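These notes concern the structure reproduced below.
There are 2 protein chains.
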Amino acid sequence: MTNPTAAMLVIGDEILSGRTRDSNMHHLAQELTKQGIDLKEVRVVSDDRAAIVSAVRALSQAFDHVFTSGGIGPTHDDITADCIAEAFGRSIGVRDDARALLGAHYARQNMEFNAARQRMARIPEGAALIDNPVSIAPGFTLENVHVMAGVPSVFTAMVASVLPKLTGGQPLLSQSLRLMRGEGEIAEPLGALAERYPALSIGSYPFQRDGIYGANIVIRGTNGVEVDAAMTELSKLFPA
Amino acid sequence: MTNPTAAMLVIGDEILSGRTRDSNMHHLAQELTKQGIDLKEVRVVSDDRAAIVSAVRALSQAFDHVFTSGGIGPTHDDITADCIAEAFGRSIGVRDDARALLGAHYARQNMEFNAARQRMARIPEGAALIDNPVSIAPGFTLENVHVMAGVPSVFTAMVASVLPKLTGGQPLLSQSLRLMRGEGEIAEPLGALAERYPALSIGSYPFQRDGIYGANIVIRGTNGVEVDAAMTELSKLFPA
Numbered sequence: 006m007t008n009p010t011a012a013m014l015v016i017g018d019e020i021l022s023g024r025t026r027d028s029n030m031h032h033l034a035q036e037l038t039k040q041g042i043d044l045k046e047v048r049v050v051s052d053d054r055a056a057i058v059s060a061v062r063a064l065s066q067a068f069d070h071v072f073t074s075g076g077i078g079p080t081h082d083d084i085t086a087d088c089i090a091e092a093f094g095r096s097i098g099v100r101d102d103a104r105a106l107l108g109a110h111y112a113r114q115n116m117e118f119n120a121a122r123q124r125m126a127r128i129p130e131g132a133a134l135i136d137n138p139v140s141i142a143p144g145f146t147l148e149n150v151h152v153m154a155g156v157p158s159v160f161t162a163m164v165a166s167v168l169p170k171l172t173g174g175q176p177l178l179s180q181s182l183r184l185m186r187g188e189g190e191i192a193e194p195l196g197a198l199a200e201r202y203p204a205l206s207i208g209s210y211p212f213q214r215d216g217i218y219g220a221n222i223v224i225r226g227t228n229g230v231e232v233d234a235a236m237t238e239l240s241k242l243f244p245a
Numbered sequence: 006m007t008n009p010t011a012a013m014l015v016i017g018d019e020i021l022s023g024r025t026r027d028s029n030m031h032h033l034a035q036e037l038t039k040q041g042i043d044l045k046e047v048r049v050v051s052d053d054r055a056a057i058v059s060a061v062r063a064l065s066q067a068f069d070h071v072f073t074s075g076g077i078g079p080t081h082d083d084i085t086a087d088c089i090a091e092a093f094g095r096s097i098g099v100r101d102d103a104r105a106l107l108g109a110h111y112a113r114q115n116m117e118f119n120a121a122r123q124r125m126a127r128i129p130e131g132a133a134l135i136d137n138p139v140s141i142a143p144g145f146t147l148e149n150v151h152v153m154a155g156v157p158s159v160f161t162a163m164v165a166s167v168l169p170k171l172t173g174g175q176p177l178l179s180q181s182l183r184l185m186r187g188e189g190e191i192a193e194p195l196g197a198l199a200e201r202y203p204a205l206s207i208g209s210y211p212f213q214r215d216g217i218y219g220a221n222i223v224i225r226g227t228n229g230v231e232v233d234a235a236m237t238e239l240s241k242l243f244p245a
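For the protein sequence lines, the chains are A and B, in the order given. Under the working numbering, the first residue of the first sequence is numbered 6, with each subsequent residue one higher. Under the working numbering, the first residue of the second sequence is numbered 6, with each subsequent residue one higher.
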């Protein structure tokens, strides 16, 4: 049995211009790994209608799940919901349940529920809402695409709302060993080890600090016994 | 005149599994913005031959430049150079000039220039080397694809080697204003402002801290006079 696959689509000029450093990708990657859903690809595109629609279609067809981040607020540059509707040929409009959630929220805060805020209740036809305990304005799931906010605290809360509803696979187990040797020295025996364990993913992540070369070797797989066995062999190959 | 466009391809299981937080994207985004090259898309794919080859082809056709990071070391999981050769139908082998660079480097350090290390001199036919002052093993440019290491200190050094050789466009100027008001309150006048300045990109980046809602408004464009004028209007719309 193979694990379900996923892709992420990050929407936002601010990431591509270097103004903002994305943190949602790292968070989602960690959460999916825990749940046994394999994140296979991430794309970052700008606030551009054609780019978003085409990426949503491509990723939705290629993977079991797509998670998007960004572009669902009340301002003119928030076009994600419209793009998702377009990608799936659905209509979009203000939906009663989303409007009720937001209306109650603004009433509690004595804030005007104006036209811009009502935009956040625009949900494509047939979508299911994603709960947002932080700032109420909901995300939504349409087909296999889960649409979430870009603000990290809200994104994190929405991921926590969505993930328990998805069927996960076998969590990826991983063990790592830090070797204070250059990659060129360990490459040959490490490659042979990887060939002996074709079901595992054995990665080498080099680093260099103060002129000293080293590498973190990470062994990943869903079978814990096999991961243990490979790590034992690895430790014997390169005694400390 | 429009600016040259670019995409980035990050290659590495370690990013997608959440083990490592990518920092190369943020660095490249900032450097390209300074040089007037518009970063339009970033993709992150795993150490998978088919995924890398297909992403390289798609991005190379769609954008003026493609910058890759990761997968050019000496270990078995470093398959980027082979994938680039495959994407462009080129042969690949150990090249004399790259071998000479690396041979001299290891001789200076009294380290064996073994088979694994010689792998780092494998360069696709017709590529130009990218200088690596940090750890010598070169990157390379083939067609419009610039292939660089994933280790951040090396990636940064290679970006510094490559960028001065590329023709930039007009640097994107940006000004920002921090508003302590919720996006829902500013959305309407902000949208009208964006319509009055179609050549500018006006983005709203909301935040929430200790229950207080605010947004950073960023105005970007290549015409400084126009950016100034829009910022002046914005400040008048929302006096502090």
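Using N, Cα and C, we set each Cβ at its ideal position, and we do this for glycine too. Owing to the predicted nature of the structure, the values given are computational and were not obtained by experimental measurement.
Boundaries (first-last residue) of the beta strand (DSSP E) holding residue i
{"i": "A/Val139", "result": "It is not in any beta strand (DSSP E) - A/Val139 carries neither H nor E in the DSSP assignment."}
{"i": "B/Ala220", "result": "Ile217 to Gly226"}
{"i": "A/Glu46", "result": "Asp43 to Val50"}
{"i": "B/Thr7", "result": "No beta strand (DSSP E) holds B/Thr7; DSSP gives it neither H nor E."}
{"i": "B/Met163", "result": "Looking at the DSSP string, B/Met163 is not in any beta strand (DSSP E); the run it does join, the alpha helix (DSSP H), is Pro157 to Val167."}
{"i": "A/Leu182", "result": "Leu178 to Leu184"}
{"i": "B/Arg286", "result": "This structure cannot speak to residue 286 of chain B, because chain B is shown only from 6 to 245."}
{"i": "B/Gln213", "result": "Ser206 to Arg214"}
{"i": "A/Thr73", "result": "His70 to Ser74"}
{"i": "A/Gly144", "result": "Gly144 to Leu147"}
{"i": "B/His151", "result": "Val150 to Met153"}
{"i": "B/Arg127", "result": "Arg127 to Pro129"}
{"i": "B/Ile135", "result": "Ala133 to Ile135"}
Residues near residue i by beta carbon distance below 7 Å, same chain, minus five either side
{"i": "B/Leu21", "result": "Val49 and Ser51"}
{"i": "A/Leu168", "result": "Glu36 and Gln40"}
{"i": "B/Glu238", "result": "Leu198"}
{"i": "B/Ile89", "result": "Val61, Pro129, Leu147, Val150 and Val152"}
{"i": "A/Gly98", "result": "Arg127"}
{"i": "A/Val223", "result": "Ser179, Ser181, Gly208 and Tyr210"}
{"i": "A/Ala103", "result": "Ala126, Ile128, Leu134 and Pro143"}
Run of the alpha helix (DSSP H) containing residue i, from where it starts to where it stops
{"i": "B/Leu64", "result": "Arg54 to Ala67"}
{"i": "B/Gln40", "result": "Asn29 to Gln40"}
{"i": "B/Asp87", "result": "Thr85 to Ala92"}
{"i": "B/Ala120", "result": "Ala120 to Arg124"}
{"i": "B/Arg113", "result": "Asp101 to Arg113"}
{"i": "A/Leu239", "result": "Gly229 to Leu242"}
{"i": "A/Gly196", "result": "Glu188 to Arg201"}
{"i": "B/Ile3", "result": "Because chain B in this structure spans residues 6 to 245, residue 3 of chain B falls outside the shown range and cannot be described."}
Cβ separation of residue i and residue j, assumed to be a contact under 8 Å, to the nearest whole Å
{"i": "A/Gly144", "j": "A/Val150", "result": "That belief does not hold up - the Cβ atoms of A/Gly144 and A/Val150 are roughly 10 Å apart, past 8 Å."}
{"i": "A/Lys45", "j": "A/Thr10", "result": "5 Å"}
{"i": "A/Pro194", "j": "A/Leu242", "result": "5 Å"}
{"i": "B/Asp82", "j": "A/Gly208", "result": "5 Å"}
Sequence-distant residues of its chain with Cβ nearer than 8 Å to residue i (five each side left out)
{"i": "B/Tyr111", "result": "Glu117, Phe118 and Arg122"}
{"i": "B/Glu91", "result": "Arg54 and Val58"}
{"i": "B/Asn137", "result": "Pro143, Gly144, Ala154, Val159, Ala162, Met163 and Ser166"}
{"i": "A/Pro176", "result": "Thr38, Lys39, Gln40, Gly41 and Thr227"}
{"i": "B/Val73", "result": "A small fix is needed here, since residue 73 of chain B is Thr in this sequence, not Val. Contacts found: Met13, Leu14, Val15, Ile16, Val61, Thr85, Ile89, Val150, His151, Val152 and Met153."}
{"i": "A/Asp233", "result": "Gln180"}
{"i": "A/Gly173", "result": "Asn8, Pro9, Gln40, Gly41 and Ile42"}
{"i": "B/Phe212", "result": "Tyr218, Gly219, Ala220 and Asn221"}
{"i": "A/Leu171", "result": "Pro9, Gln40, Ile42 and His70"}
Chain-order list of residues whose beta-carbon lies under 6 Å from that of residue i (same chain, five-residue window excluded)
{"i": "A/Tyr218", "result": "Gly187"}
{"i": "A/Gly229", "result": "Leu178"}
C-beta contact flag for residue i and residue j at 7 Å
{"i": "A/Ile141", "j": "A/Leu184", "result": "no"}
{"i": "B/Val71", "j": "B/Ala12", "result": "yes"}
{"i": "A/Ala235", "j": "B/Pro79", "result": "no"}
{"i": "A/Ile77", "j": "A/Ala63", "result": "no"}
{"i": "B/Asn221", "j": "B/Ser181", "result": "yes"}
{"i": "B/Val19", "j": "A/Tyr202", "result": "Note on residue identity: the sequence assigns Glu, not Val, to residue 19 of chain B. In this structure, A/Tyr202 does not lie closer than 7 Å to B/Glu19 by Cβ."}
{"i": "A/Ala34", "j": "B/Gly75", "result": "no"}
{"i": "A/Arg225", "j": "A/Ser240", "result": "no"}
Distance cut-off 6 Å: residue i Cβ against heavy atoms of the ligand MN
{"i": "B/Ser240", "result": "With respect to the ligand MN, the structure shown offers nothing to examine, as it has no ligands at all."}
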